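Protein chains: 2
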Amino acid sequence: MQMLKNDILIRALLRQPVPHTPVWIMRQAGRYLPEYNATRKRAGSFLGLAKNPDFATEVTLQPLARFGLDAAILFSDILTVPDAMGLGLYFAEGEGPKFERPLRDEAAIRALRVPEPRESLGYVIDAVRQIRSALGNSVPLIGFSGSPYTLACYMIEGGGSDDFRTIKSMLYARPDLLHQVLDINARAVIAYLNAQIEAGAQAVMVFDTWGGALSDAAYREFSLEYLRRVIGGLHREWNGEPVPNIVFTKGGGLWLEDIAATGCDAVGLDWTVNIGTARRRIGSRVALQGNLDPAVLFSDRATIRAEAGKVLRNFGSGNGHVFNLGHGISQFTPPEHVGILVDAVHELSRPYH
Amino acid sequence: MQMLKNDILIRALLRQPVPHTPVWIMRQAGRYLPEYNATRKRAGSFLGLAKNPDFATEVTLQPLARFGLDAAILFSDILTVPDAMGLGLYFAEGEGPKFERPLRDEAAIRALRVPEPRESLGYVIDAVRQIRSALGNSVPLIGFSGSPYTLACYMIEGGGSDDFRTIKSMLYARPDLLHQVLDINARAVIAYLNAQIEAGAQAVMVFDTWGGALSDAAYREFSLEYLRRVIGGLHREWNGEPVPNIVFTKGGGLWLEDIAATGCDAVGLDWTVNIGTARRRIGSRVALQGNLDPAVLFSDRATIRAEAGKVLRNFGSGNGHVFNLGHGISQFTPPEHVGILVDAVHELSRPYH
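Chains as they are written, first to last, in the numbering used here: chain S, 15 to 367; chain Z, 15 to 367.
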């Protein structure tokens, strides 16, 4: 096992001392980069890109060639797991992800099985191995998965939704069926993330994109409980190295104490939360990741530096901060603004360490 | 001045004793009702409906004929004020509201003026008068407006948005320009709501639909501050009767103390907040309105009653609760489920009073 040349992401996630605050960007390999769009064009489609380990490796490395980022994140899709369950993931042009066979009746739910990652998600596991090899121990590789509830949203709605009418109808009228889906999803996510760790992922993140659209009681019962199970099932070290994990519920600012109590190493914050307040609430138990408004990257050099500085100042001195946006980067972001941000975080965070 | 036959909404907003918890439903006059759709068809278009006081009166009264609601709410559109400013409101089929002339340059912003409600919003003021007359002092009439920031979102984006890229670019790069828009909007909203009160509205509500998409610091500077100004400028009584007001920031659960500190009488809650927790945080200062997940109305009689009961139990005994959904009712709601909800609130809330 070689030592990482830059391990400050791992150390920050474990709340250990670092020389400056590490930074990576959610969706850092993406459509705002012309080189990403060129690779995607060669791949023919988004799924052609995501399901081919060579292409996935290529785009994962692209932002690292441009910017001094402190981590790589596996390029993949959030919906690989339900696709491996046989739901038939596809992308309708301009409409986002959809499933050919969403879960619309009890029989479909009863037939659902936990996929074996090495069999049905081998392209992801291969991509993790290839990316690790290509990274050459420069920076850590983050693996990821959607949360059990967020996966269930897509599996039951059949695609994106602005009111979650189908899954919430099930949640209120047939909670037993939704719990069955979530139980399978939780076991599938554990197997998937552990397979990523075994293949070389050095940290993992669970994206609970839609838990924040639930009521307080429903969030606790249908999302948080399964996040807790996932965290409880993950490898915490591999090959003698710690493998920290991060839980991110978008819109989850009201539940930070509960998210921290899942046992995770770090909590992701969206931009609506003041990171200083969040630190006072849960910073003695977990590291915090976030949380610049992605829209700041539409402004200018001076504003980007000033707003990054505010996030760093709000967090304050000491350990346990990983800088990120509060949501995935917009496709309309000028790439050079990402470089301004990364450099600003490194430079402006030194006095706090 | 005649006495209201049913004034429990007003009393609950003022945290006075009531025999049972009052209930009304955001967007209660709307597309889930076949009679609404019939009137809209006769009116020819949504704006033909909203801008005609006869039609507006007709649809405002429709839900009251079906259900034992404790209030009427003016049927109107959230964007009447910017339309009166000359931005040219229109509805593209299936796309929601749009403006012909969004604020896209400094000159357009410098030219913006506070409209005189009696001149350019006479159709709303006439509708308030007609509805009051038609209600015959049965239940109170609630007037409303969008918040300064929410109006600015539409004025600057030119329509709905999922990332608020245009207004947030202005917010971060040219905050002075956005403040100028918000200052005018705040003065326009005050004049508009006071004109509604003078015409007969017995309570008013400010809808801050998009403030919750801001960062903590930006919410305070660009939405909350202008909500505070609006509340400070409103009539608190008219013709010797109190006129309570309600502020609702969707996704504002992190800022409840700050919203209560605007000086409003009541705070609206979306469904992500536990209303019992909200009461402990701010219930000694303001009444609370909410907050059932609208998706509960897709379920069944037993579930609707059980979930309504949970909201009532979470609030607990005592004064200061107005029952509502945590967001506008969905067009896909079976109308009879609204009747089940209204009756359940009246019946199940008695032990708490």
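Beta carbons: idealized from backbone N, C-alpha and C, even for Gly. All of these numbers come straight from a predicted model, not from anything done at the bench.
*Kindly list, in the order they appear in chain S, the residues whose Cβ is closer than 7 Å to that of residue 268 of chain Z.*
267, 268, 286 and 287
*Going by beta carbon distance, what residues of the same chain come within less than 6 Å of residue 15 of chain S, once the five residues before and after it are set aside?*
Any reading at residue 15 of chain S is ruled out, since the residue's pLDDT is 46, under 50, leaving its predicted position unreliable.
_Classification of residue 219 of chain S by the beta-carbon crowding that lies within 10 angstroms, buried from 16 upward_ = Buried, because 16 or more other Cβ atoms sit within 10 Å of the Cβ of residue 219 of chain S.
*Roughly how far, in whole angstroms, is the beta-carbon of residue 88 of chain S from the beta-carbon of residue 161 of chain S, given that I think they are within contact range, below 8 Å?*
Between residue 161 of chain S and residue 88 of chain S the Cβ distance is about 16 Å, and since that is not below 8 Å, they are no contact.
*Say whether chain S places a C-beta atom closer than 8 Å to the C-beta of residue 179 of chain Z.*
Judged by the 8 Å Cβ criterion, residue 179 of chain Z is in contact with chain S.
*Helix, strand or coil at residue 117 of chain S according to DSSP, with G and I counted as helix*: coil
*Mind pulling the chain S residues with CB within less than 8 Å of residue 321 of chain Z?*
186
*Helix or strand or just coil, what does DSSP make of residue 25 of chain S?*
helix
_Quick check for students: name the residue ranges of the beta strand (DSSP E) that lie wholly in the region 312–366 of chain S, counting only runs of 3 or more._
335–339
*Have a look at S/321, S/298 and S/275 and flag the residue whose alpha-carbon is nearest the alpha-carbon of residue 285 of chain S.*
S/321
_Euclidean distance between Cα positions of residue 278 of chain S and residue 37 of chain S_ = 19 Å
*asked:* Would the region 50–60 of chain S count as touching the region 251–265 of chain S if we require 3 or more Cβ pairs under 8 Å?
replied: The region 50–60 of chain S makes no contact with the region 251–265 of chain S: fewer than 3 CB pairs, one atom from each, lie closer than 8 Å.
*Is there contact between the region 201–216 of chain Z and the region 83–100 of chain Z, where contact requires at least three CB pairs shorter than 8 Å?*
With a cut-off of 8 Å, the region 83–100 of chain Z and the region 201–216 of chain Z count as touching, because enough Cβ pairs lie within range.
_With the cut-off set at 8 Å, would you say residue 213 of chain S and residue 156 of chain S are in Cβ contact?_
Against a cut-off of 8 Å, the Cβ pair of residue 156 of chain S and residue 213 of chain S comes out as no contact.
*Among the residues of its own chain, which have a CB less than 7 Å from the CB of residue 45 of chain S, if the five just before and after it don't count?*
51 and 345
*Roughly how many whole angstroms lie between the Cα atoms of residue 105 of chain S and residue 122 of chain S?*
22 Å
*Using the C-alpha atoms, what's the distance from residue 353 of chain S back to residue 22 of chain Z?*
Take the alpha-carbon of residue 22 of chain Z and the one of residue 353 of chain S: they are about 58 Å apart.
*Could you pull the start and end residues of the beta strand (DSSP E) that residue 303 of chain Z belongs to?*
Counting along the chain, the beta strand (DSSP E) containing residue 303 of chain Z begins and ends at 301–306.
_Tell me whether the region 127–143 of chain S and the region 62–76 of chain S touch, counting them as touching only if at least three CB pairs, one residue from each stretch, are closer than 8 Å._
yes
*Using DSSP with H/G/I as helix, E/B as strand and the rest coil, what is residue 178 of chain S?*
coil
_Within chain Z, partners of residue 310 of chain S - CB distance below 9 Å_ = 182, 186 and 229
*Do residue 333 of chain S and residue 29 of chain S come within 8 Å of each other at the CB atom, strictly closer than that value?*
yes
*Beta-carbon of residue 60 of chain S versus every beta-carbon of chain Z: anything under 8 Å?*
Judged by the 8 Å Cβ criterion, residue 60 of chain S is not in contact with chain Z.
_Extent of the continuous alpha helix (DSSP H) to which residue 221 of chain Z belongs_ = Where residue 221 of chain Z is concerned, there is no enclosing alpha helix (DSSP H), although the beta strand (DSSP E) it sits in stretches over 217–222.
*Would DSSP call residue 259 of chain Z helix, strand or coil?*
strand
*Compare the C-beta of residue 307 of chain S against all C-beta atoms of chain Z and say whether one is closer than 8 Å.*
yes
*asked:* Quick test of the definition: if touching needs 3 or more C-beta pairs under 8 Å, does the region 115–134 of chain Z touch the region 78–87 of chain Z?
replied: no
*In the DSSP assignment, what are the bridge partners of residue 86 of chain Z?*
Z/155
*asked:* Only counting the same chain, and skipping five residues up and downstream in sequence, which positions put a Cβ closer than 7 Å to that of residue 306 of chain Z?
replied: In its chain, beyond the 5 residues on either side, 285, 321, 322, 325, 339 and 340 have a beta carbon closer than 7 Å to the beta carbon of residue 306 of chain Z.
*Which first and last residues belong to the beta strand (DSSP E) in which residue 104 of chain S is found?*
103–106
*Show which residues of chain S have a CB atom less than 9 Å away from the CB atom of residue 314 of chain Z.*
Within 9 Å Cβ-Cβ: 186 and 187.
_Closer than 8 Å to chain S by CB, residue 172 of chain Z_ = With respect to chain S, the C-beta atom of residue 172 of chain Z has no partner C-beta closer than 8 Å.
_I'd like the span of the beta strand (DSSP E) that includes residue 281 of chain S, first residue to last._
280–282
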